[in-house]
Amino acid sequence: MLETPHTLVGAALATKIPNPFISLPLALASHFILDKLPHWNPHLYTEKKENGKISKKSFAIVVLDSSVALVSGILIALTQSKSIMHFFIIIAACFLSVLPDIVESPYFFLNKKSVLMEKWVIFQKSIQNNSNFLWGITTQIITAGAAIWWILG
Ligand SMILES: [Zn+2]
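Using my numbering, read the sequence shown as starting at 8 and increasing by one per residue.
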């Protein structure tokens, strides 16, 4: 799944569940649960295997998606936190909600390879529920919308 819906769900959990010992593990767990929903994202693994690198279009999508995720995470933390501590908990939840993908980024973007990282990439790929573009974007808009609705509700 794209990083923006992941981040919004992580932010929503930390906004609504005050106890970080509950919200932070949930934020990390939400990553794997959301990847089980049918979704579309750029096919980084296939591009890497077939062409040795990520296409320009996919790279642009990743940069845009990561920027939106970063800005929305900070905005939610700024506007929804009830204390300085809560602010950092929301930021931490955003980070944990995308951590499984951040771990992969050196593999895709810096050409770093290790047996462990390759194993992780293949594991993450195996739990992805990929679908076609239209349906796969719709499910992510619904996920993002639900998270925002929960935050503001
Ligand atoms: Zn993922």
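All C-beta atoms in this analysis are idealised placements derived from N, C-alpha and C, irrespective of residue type, glycine included. Just so we're clear, the structure is a prediction, and the values are computed from it rather than from any experiment.
Three-state class that DSSP yields for residue i in the structure shown
i      : result
HIS13  : helix
HIS46  : strand
ASN136 : coil
GLY160 : coil
LYS126 : helix
ILE61  : coil
SER88  : coil
ILE24  : coil
Residue j beta carbon less than 8 Å from that of residue i
i      : j      : result
ASP42  : MET92  : no
ALA18  : ILE96  : no
PRO45  : ASN136 : yes
ASP72  : THR11  : yes
VAL105 : ALA151 : no
N- and C-terminal bounds of the alpha helix (DSSP H) containing residue i
i      : result
MET92  : 91-109
ILE40  : 27-41
SER121 : From DSSP, SER121 is part of no alpha helix (DSSP H); its letter is neither H nor E.
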